[in-house]
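Residue numbers for the sequence shown follow the working numbering, beginning at 269 and rising by one.
Positions of the beta carbon are idealized from the N, C-alpha and C atoms, including for glycine.
Read through the structure below, which is laid out as structure tokens, and then see the notes.
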Amino acid sequence: MGHRRFQHFLEKNKQDKVDKGLIPVLEQICQLGLVMDLQDLLKRFTFDTTCILVNGYDPNSLSLEFPEVPFTKAMDDLEETILIRHVVPESFWKLQRWLVIGKEKKYSEAWVTIDRRDTVNSALTWLLWLVSTHPIVEARIREELEASILKEGNAWRFFNVEQVSKLVYLHSVICESLRLYPPVPFEEKEPHQSDILPSGHHVHPKLRLLFSIYAMGRMKFIWGEDCLEFKPERWITKQGMIRHEDCLEFKSERWITKQGTFKHEPSFKLFAFNARPRTCLGKDMVSLK
Numbered sequence: 269m270g271h272r273r274f275q276h277f278l279e280k281n282k283q284d285k286v287d288k289g290l291i292p293v294l295e296q297i298c299q300l301g302l303v304m305d306l307q308d309l310l311k312r313f314t315f316d317t318t319c320i321l322v323n324g325y326d327p328n329s330l331s332l333e334f335p336e337v338p339f340t341k342a343m344d345d346l347e348e349t350i351l352i353r354h355v356v357p358e359s360f361w362k363l364q365r366w367l368v369i370g371k372e373k374k375y376s377e378a379w380v381t382i383d384r385r386d387t388v389n390s391a392l393t394w395l396l397w398l399v400s401t402h403p404i405v406e407a408r409i410r411e412e413l414e415a416s417i418l419k420e421g422n423a424w425r426f427f428n429v430e431q432v433s434k435l436v437y438l439h440s441v442i443c444e445s446l447r448l449y450p451p452v453p454f455e456e457k458e459p460h461q462s463d464i465l466p467s468g469h470h471v472h473p474k475l476r477l478l479f480s481i482y483a484m485g486r487m488k489f490i491w492g493e494d495c496l497e498f499k500p501e502r503w504i505t506k507q508g509m510i511r512h513e514d515c516l517e518f519k520s521e522r523w524i525t526k527q528g529t530f531k532h533e534p535s536f537k538l539f540a541f542n543a544r545p546r547t548c549l550g551k552d553m554v555s556l557k
């Protein structure tokens with residue numbers, strides 16, 4: 269996925285869908301003064317671009333008619349059933365699965381419709397919500413775009429890989445959004461053999477290990493006393509920055525170095541894309557989206 273030809277194909281894919289799908293829909297919504305479901309819009313956008321990328325087919329779910337998409341209901345049924353499996357006794361949901369009734373029936377039907385999990389629209393929705401509710405952060409993003417993109421005489425509608433790589437502050441905002449609102453809030457693992465974790469805990473086969481990525485992003489011993497603050501600045505530099513005490517305040521400079529470049533953190537710290545050998549294969553593709 270890091271090959272240059274693939275990146276060019278990905279850029280063209282996104283640009284075509286933005287120009288012919290996303291922009292026309294947004295313009296019509298603005299002209300008519302309508303209220304819309306942003307997450308539904310983004311879900312259609314990511315679904316179309318993924319189908320084009322994987323299958324070479326555009327389902328055109330993102331269009332002015334907003335056609336019904338079976339994929340959407342299938343995803344909702346899958347997520348709801350998986351969540352319930354972690355709440356009810358195992359014997360209960362396995363009985364439902366054997367009888368093909370209740371949530372397990374919907375689960376089986378959903379897999380007929382789709383066999384993939386789409387989390388990009390969730391990440392985009394949280395990101396846009398955070399930015400829209402914090403105008404200072406939005407202003408800084410626009411300033412960076414003007415400095416990095418518009419000075420080259422480019423339009424605002426679409427940015428290529430080289431241009432996106434220069435947007436340090438925007439990158440930090442995305443990482444901070446993923447820290448607080450990971451699209452996949454928890455994961456489950458099961459060891460194949462007995463082992464001892466670095467924490468000293470003993471694990472054995474058939475032991476279900478649940479860990480909350482959502483909670484990890486809010487732990488003080490990992491992120492400090494300000495772990496509940498939205499501060500993209502933590503990915504940049506703290507030099508010259510004022511650190512407020514209000515734990516719910518939105519800030520934006522956590523992720524950058526003293527030189528103003530992006531600060532790389534261990535993948536096990538920001539776990540939204542998993543880590544090391546199990547890192548999400550589509551990480552770079554999703555980041556570009």
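Run the proximity test for residue i: is its beta-carbon closer than 7 Å to any non-hydrogen atom belonging to the ligand ZN?
i, result
"Tyr449", "This structure simply doesn't include the ligand ZN, nor any ligand for that matter."
With residue i as the anchor, note down where its beta strand (DSSP E) starts and where it stops.
i, result
"Glu358", "Segment 358 to 367 is the alpha helix (DSSP H) holding Glu358; no beta strand (DSSP E) there."
"Leu478", "477 to 480"
"Phe454", "454 to 457"
Quick one: Cα of residue i to Cα of residue j, how far?
i, j, result
"Ile464", "Pro473", "12 Å"
"Pro357", "Glu456", "16 Å"
"Leu302", "Ser329", "19 Å"
"Ser400", "Thr317", "24 Å"
"Gln299", "Glu430", "33 Å"
"Glu295", "Pro327", "21 Å"
"Asn389", "Arg312", "8 Å"
"Glu444", "Ser416", "21 Å"
"Leu448", "Val293", "29 Å"
"Trp397", "Asp344", "21 Å"
"Lys362", "Leu478", "19 Å"
For the alpha helix (DSSP H) containing residue i, list its first residue and its last residue.
i, result
"Val286", "Here Val286 belongs to no alpha helix (DSSP H), and DSSP marks it neither H nor E."
"Ser416", "403 to 416"
"Lys474", "Neither: Lys474 is in no alpha helix (DSSP H) and is coded neither H nor E."
"Arg558", "What the structure shows of the chain is the stretch from 269 to 557, and residue 558 is not part of that stretch, so it cannot be assessed."
"Leu398", "388 to 400"
"Lys488", "488 to 491"
Starting from the Cα of residue i, find the closest Cα among the options and give me that residue.
i, options, result
"Thr314", "Glu377, Leu346, Ala391", "Ala391"
"Glu411", "Lys434, Glu430, Leu398", "Lys434"
"Tyr437", "Leu398, Glu279, Ile409, Leu278", "Ile409"
"Val405", "Tyr325, Leu538, Val286, Glu501", "Glu501"
"Lys374", "Asn281, Glu347, Phe454, Leu446", "Glu347"
"Leu290", "Leu310, Asp305, Arg273, His276", "Leu310"
"Pro459", "Gly468, Ser467, Pro466, Leu475", "Leu475"
"Leu395", "Phe498, Leu538, Thr349", "Phe498"
So, under 8 Å CB-CB, residue i and residue j are touching, yes? Tell me the CB distance rounded to an integer number of Å.
i, j, result
"Ile481", "Ser440", "With a Cβ gap of about 19 Å, Ile481 and Ser440 do not count as contacting."
"Ala342", "Ala378", "4 Å"
"Leu278", "Leu321", "7 Å"
"Ser462", "Val471", "7 Å"
"Thr393", "Leu496", "About 20 Å; that fails the 8 Å criterion."
What would DSSP say about residue i, mapped onto helix, strand or coil?
i, result
"Glu517", "At Glu517, the pLDDT of 37 sits below 50, so the modelled position is not reliable; the number obtained from the coordinates is stated separately. Coil at Glu517, not helix or strand."
"Ile464", "strand"
"Arg502", "strand"
"Cys319", "helix"
"Glu348", "helix"
"Val293", "helix"
"Tyr325", "coil"
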